[in-house]
Each structure stands twice: as structure tokens, then as C-alpha cells.
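Encoded as C-alpha cells, the structure appears first; notes follow it.
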Amino acid sequence: MRYSKYVHIFHVENDVVALYHALLIRTVFLKQSEAQQIDAYFKTNRVDHDALLDVIQYLCANYYIVANDEEDRELYGKCIELISPPAISNAYIVVTENCNFNCKYCFISNAVQTPGVTKVMTEEVARQAVRLLQRTYERQQTPYDKTITFYGGEPLLNFDVIRFFMEEVERTKKQGYWPSDVKYAMITNGSLLTKEILESLQKYGIALSISYDVDKESHAQRVDKNGNSSYELVRQKIALCHETEVPFSLSITLSETLLKRKGEILPEILNLSPSTIAFNLLIPNKQDLQNKRYYEDATDFMIEAFSHLREIGLYEDRIMRKVHSFSKSKMHIYDCCASGGNQYVITPDGKIGICHGYLNNRKYFSSSVFDEGFDFRTQEDYLYWKKRTPLLMEQCHDCECLSICGGGCPYAADYMYGSIYELDTRFCIHAKKVLEWLIKDLYGQITNP
Ligand code: SF4
Ligand code: SF4
30 MRYSKYVHIF HVENDVVALY HALLIRTVFL KQSEAQQIDA YFKTNRVDHD
80 ALLDVIQYLC ANYYIVANDE EDRELYGKCI ELISPPAISN AYIVVTENCN
130 FNCKYCFISN AVQTPGVTKV MTEEVARQAV RLLQRTYERQ QTPYDKTITF
180 YGGEPLLNFD VIRFFMEEVE RTKKQGYWPS DVKYAMITNG SLLTKEILES
230 LQKYGIALSI SYDVDKESHA QRVDKNGNSS YELVRQKIAL CHETEVPFSL
280 SITLSETLLK RKGEILPEIL NLSPSTIAFN LLIPNKQDLQ NKRYYEDATD
330 FMIEAFSHLR EIGLYEDRIM RKVHSFSKSK MHIYDCCASG GNQYVITPDG
380 KIGICHGYLN NRKYFSSSVF DEGFDFRTQE DYLYWKKRTP LLMEQCHDCE
430 CLSICGGGCP YAADYMYGSI YELDTRFCIH AKKVLEWLIK DLYGQITNP
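In terms of the working numbering, the sequence shown opens at residue 30 and continues consecutively.
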């Protein structure tokens with residue numbers, strides 16, 4: 030007998046260790062002395078007292094202890110069967126690739142800053158995009174999350190086409206199949222929001238996410254075309270959201286400056302009263318392949334923020350996904366919708382791609398909304414992305430985060446190492462730190478409820 034290859038041992042405190050099953054996402058806490066006795070049992074096959082026998086029987090029944098490799102293989106096989114076939118759960122509609130800002134850390138700056146002839150979506154492309162989504166949803170009528178996200182550049186530079194898109198959705202609902210559970214969202218820099226636009230967002234049920242880095246120094250990288258700070262302007266627009274009672278979430282980029290100012294950031298988030306928040310780790314770009322220390326510091330900040338904000342019912346999205354997976358023992362297979370090929374990115378000229386990171390060079394954008402025969406389930410780019418999950422990647426099989434990390438950002442892995450099937454190593458640092466915190470946090474909750 031031995032521990033399953035999926036069991037990882039964490040030191041929790043003084044004489045307590047955690048056995049964590051990376052495939053099943055389960056944790057057992059043992060005294061150090063019990064762990065030593067179990068090691069002795071593996072060597073001698075003898076158990077000296079009944080209490081330890083109970084523990085060993087429990088660990089065998091729950092796959093922590095196995096007799097041979099075959100038991101591990103069988104368990105892995107069963108888990109793999111739980112991976113659902115791809116389904117388009119998010120569609121980015123890039124209504125324009127123009128932007129009125131010139132943010133210094135923009136990871137699609139090539140697409141946004143290079144002049145082009147088809148940078149603004151037309152009504153005809155929007156109409157075809159709705160038809161594509163209608164065909165897609167109709168083919169896959171099993172339950173799964175569905176979101177349509179209006180994106181740019183700055184999407185409010187082409188709000189007329191967003192309106193047109195939503196009217197087209199309304200027409201489609203009356204004429205044929207359109208699922209009732211589709212959610213709508215828009216990610217904007219906020220600078221062009223008006224009362225009328227906020228009313229339209231409410232009318233169409235489009236959730237508003239504003240990219241805003243919370244305090245003046247941290248937000249300083251979000252400059253307009255003339256290099257001027259947009260801090261005050263966006264702040265006024267957030268005040269307008271409050272005035273018109275339109276809920277909004279904040280998308281906050283964890284720059285090095287922001288991490289140095291964490292004492293100011295948390296009170297300021299509370300002051301702004303968003304409905305949810307999402308922290309973005311910097312994505313590597315030409316100027317900056319961030320170092321290990323950055324990802325450690327950013328993760329420490331995210332954990333600290335999560336621990337504070339959960340007390341008032343405000344949950345940060347990225348950590349929450351792992352908390353959900355950990356607390357429900359539910360595999361978190363993909364950390365973004367592109368992984369596994371579950372996403373459309375539709376460009377202003379109607380090209381269909383998988384990941385918006387590739388707006389820069391149009392890699393994996395080989396289909397079009399005008400091709401009525403397009404079916405992502407058989408298209409070669411989507412087939413290539415389909416297996417991009419740690420559960421199907423050999424490099425991840427011995428990792429403690431196997432079922433919980435979702436594999437990070439395939440685009441970043443490609444950018445850094447030349448293939449989406451390489452590891453997003455910056456994300457591994459983040460995932461491992463979060464898992465260690467989750468295990469210790471669980472122990473704290475059990476012992477000090
Ligand atoms: S692969 Fe990376 S850049 Fe692309 S959608 Fe996923 S998280 Fe975003
Ligand atoms: S992507 Fe990294 S953290 Fe996630 S399972 Fe693989 S090696 Fe572990």
C-alpha cells in the first residue's frame with residue numbers, strides 16, 4: 030500500500046499536516062505522528078492500534094491510499110470522463126478595435142494602435158454574429174453558461190452597433206430559438222458613459238464592467254491619447270453609475286504600482302461600492318515579462334483582499350473560482366473560456382477567433398461569421414484548443430493544483446514559450462500559493478469556527 034500519486038502532503042502548523050488529493054480536491058488533516066505511523070505501515074504492513082486502522086481504512090476508501098498504479102489509473106480515467114464536450118460559453122463581440130485610451134500595459138496594443146480599414150463593426154457583421162450565435166446555441170441545447178461580452182478597443186466608441194446587436198437578438202427571440210439564460214456584459218474604460226447609455230444598458234440587461242485601477246497613482250498607466258491621466262474622468266462616470274443606480278463591477282489590473290499601494294486600495298474599493306470585482310494579473314507583453322516576485326506579490330495581495338472583502342459579501346472573481354472548486358470538490362478544468370475552445374472572439378470584420386490576445390496577429394482567426402457552414406466542433410483551431418486543460422497535459426499530472434487551477438492563460442504560455450500547450454508558469458506560481466492558502470484557511474475554519 031502507498032499514497033496515491035495524486036496525494037500531496039502540506040505542513041499546516043506545528044504537528045499538523047494535510048493530505049490533499051489533487052485529483053478529487055479533498056483534504057484530510059492528520060497529526061504529524063499519525064502521518065509517521067502511516068509511513069511505518071507502508072513499510073511493515075502492520076497496524077498497532079484500532080484508531081490508526083480506522084484512519085487507514087478511511088484513507089483507502091477515499092483513494093488517498095492505493096494498492097497499485099492501476100487504482101490511480103482507474104480513478105484518473107473516471108475523472109477524465111467527467112470533462113464535458115466543448116460548448117461556447119463566452120462570445121467576445123469586438124465592436125471596434127479603436128480606443129480613446131493608450132494604456133501602457135494594454136496587451137492588444139498592436140491591434141488597437143495600428144491603423145486599419147475594418148476596425149469598426151458594421152450592422153451587417155453584427156447581424157451575422159447574432160445568426161452565428163443562434164445556430165451555435167441551437168445545436169447545443171444542454172445546460173451551460175452563456176455570456177456575450179461587448180469588447181474593444183473601447184466598445185462605447187461604437188455603441189450604435191451594440192444597440193443594433195441587442196435589437197437583433199430581440200428580433201431573433203421572436204422569430205426562432207434563442208435561449209433565455211444568455212447573459213450580456215460590456216467591458217469598458219468608462220470614459221464615454223452617459224446617462225442615456227447607462228439607461229440602455231439597463232434596458233438590455235447588459236452588465237457593466239469598468240476597467241479602473243482604484244487610486245490615482247495606480248490608475249496613472251491608463252492615459253488618454255494625449256498621455257493625460259483618465260483618473261478623474263472615470264471617477265466622475267462611476268459617480269454617475271451611483272446616481273443612476275446602475276450596478277457595475279470593477280476590473281482592476283494589478284500593476285506593480287498598485288501592489289505597492291495596497292494599504293490605500295482596499296478602503297478605496299469599499300468606498301467605490303462595486304457589485305463585484307475582478308483582479309487582472311499582468312499578461313506578458315513585449316516590454317515586460319514579469320518576474321516571479323511580481324506573481325507572488327500579486328497573489329498575496331489577492332488573498333489578503335479576498336479575506337477582507339468576503340466579510341462584507343464582496344467576492345473577487347479569480348480567487349472565487351478556486352474557492353468554489355475547493356469547497357465543492359468540483360474540478361475547475363479551464364480558467365478562461367478560450368481554454369478548451371469554449372469561446373468566440375468576433376472581430377469588426379467578422380472573423381471568428383478563440384482568444385482576444387491574438388487580436389494582435391490574428392492567429393487562430395481562420396473562420397468567418399459569413400460562413401454559414403462553420404461549426405466550431407469540427408473546425409481545426411477549436412479542435413487544437415480542445416485538450417488545453419491540466420487534466421490532459423502530461424506536465425501537470427504530478428502537480429498539486431491539477432484539478433483546481435484550470436491551466437491559466439494559454440495565450441501567455443504561447444507568448445512566453447511558443448505553444449498554448451506549454452505551461453503558463455507565472456500562473457502556476459499563483460495557483461500553488463492560492464491552494465496552500467485554501468488548505469490552511471480550511472484548517473483555520475475547522476479549528477476556529
Ligand atoms: S487564453 Fe489568456 S488572453 Fe486568451 S482569453 Fe484566455 S485568459 Fe484571456
Ligand atoms: S498549470 Fe501549473 S499549477 Fe496548473 S496544474 Fe499545471 S503545473 Fe500545476
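Even for Gly, the Cβ is constructed at its ideal location relative to N, Cα and C. Because the structure is a prediction, the values reported are computed rather than measured.
Which of helix, strand or coil DSSP assigns to residue i
{"i": "SER138", "result": "helix"}
{"i": "ASP159", "result": "Checking the displayed sequence, the identity of residue 159 turns out to be Val instead of Asp. In the structure shown, VAL159 sits in a helix (DSSP, three-state: H, G or I)."}
{"i": "ALA69", "result": "helix"}
{"i": "THR376", "result": "coil"}
{"i": "SER33", "result": "coil"}
{"i": "LEU452", "result": "coil"}
{"i": "VAL263", "result": "helix"}
{"i": "ALA460", "result": "helix"}
{"i": "VAL149", "result": "strand"}
{"i": "GLY369", "result": "coil"}
{"i": "THR286", "result": "helix"}
{"i": "LEU467", "result": "helix"}
{"i": "TYR206", "result": "coil"}
{"i": "LEU82", "result": "helix"}
{"i": "ILE433", "result": "coil"}
Cβ separation of residue i and residue j, assumed to be a contact under 8 angstroms, to the nearest whole Å
{"i": "PRO439", "j": "ASP427", "result": "Not confirmed; about 20 angstroms, so no contact."}
{"i": "PHE277", "j": "ILE306", "result": "So it is not a contact: roughly 10 angstroms between Cβ atoms."}
{"i": "PRO115", "j": "TYR411", "result": "7 angstroms"}
{"i": "SER259", "j": "PHE130", "result": "6 angstroms"}
{"i": "ILE216", "j": "SER247", "result": "With 8 angstroms as the limit, ILE216 and SER247 do not qualify as a contact, their Cβ atoms being about 18 angstroms apart."}
{"i": "PRO366", "j": "ASN119", "result": "Residue identity check: residue 366 is Cys in the sequence provided, not Pro. Contact holds; Cβ gap of about 4 angstroms."}
{"i": "LEU388", "j": "GLU126", "result": "7 angstroms"}
{"i": "ALA214", "j": "ILE235", "result": "6 angstroms"}
{"i": "GLY181", "j": "VAL123", "result": "6 angstroms"}
{"i": "LEU52", "j": "LEU104", "result": "6 angstroms"}
The alpha helix (DSSP H) enclosing residue i, as first and last residue numbers
{"i": "ASN300", "result": "291–301"}
{"i": "PRO439", "result": "439–446"}
{"i": "HIS337", "result": "321–338"}
For residue i: DSSP bridge partner residues
{"i": "LEU552", "result": "Past the boundaries of the shown model lies residue 552; the chain is included only from 30 to 478, so the question cannot be answered."}
{"i": "LYS175", "result": "VAL211"}
{"i": "PHE188", "result": "None; PHE188 has no bridge partner."}
{"i": "GLU345", "result": "ILE306"}
{"i": "HIS361", "result": "Paired residues: none, contrary to the question."}
{"i": "THR217", "result": "ILE239"}
{"i": "LEU222", "result": "Partner(s): none; LEU222 has no beta bridge."}
Residue-chain proximity (residue i, chain D), Cβ-Cβ < 8 angstroms
{"i": "LEU186", "result": "Note that chain D does not occur in the displayed structure, where there is just one protein chain."}
Residue i: CB within 7 angstroms of a non-hydrogen atom of ligand 2
{"i": "CYS425", "result": "yes"}
{"i": "LEU227", "result": "no"}
{"i": "ASP453", "result": "yes"}
{"i": "GLY436", "result": "yes"}
{"i": "LYS461", "result": "yes"}
The beta strand (DSSP E) enclosing residue i, as first and last residue numbers
{"i": "PHE394", "result": "Premise fails: PHE394 is in no beta strand (DSSP E) and is neither H nor E."}
{"i": "LYS121", "result": "First, the amino acid is wrong: residue 121 is Tyr here, not Lys. Run containing TYR121: 119–123, per the beta strand (DSSP E) assignment."}
{"i": "PHE403", "result": "Where PHE403 is concerned, there is no enclosing beta strand (DSSP E), given that its DSSP letter is neither H nor E."}
{"i": "SER238", "result": "235–240"}
Ligand 1 heavy atom lying under 7 angstroms from the CB of residue i
{"i": "PRO515", "result": "As shown, the chain starts at 30 and ends at 478. That puts residue 515 outside it, with no answer to give."}
{"i": "TYR324", "result": "no"}
{"i": "GLY386", "result": "yes"}
{"i": "TYR393", "result": "no"}
beta-carbon residue i near ligand 4 non-hydrogen atom, thresh 7 angstroms
{"i": "ALA367", "result": "Of the ligands this structure carries, namely ligand 1 and ligand 2, none is ligand 4."}
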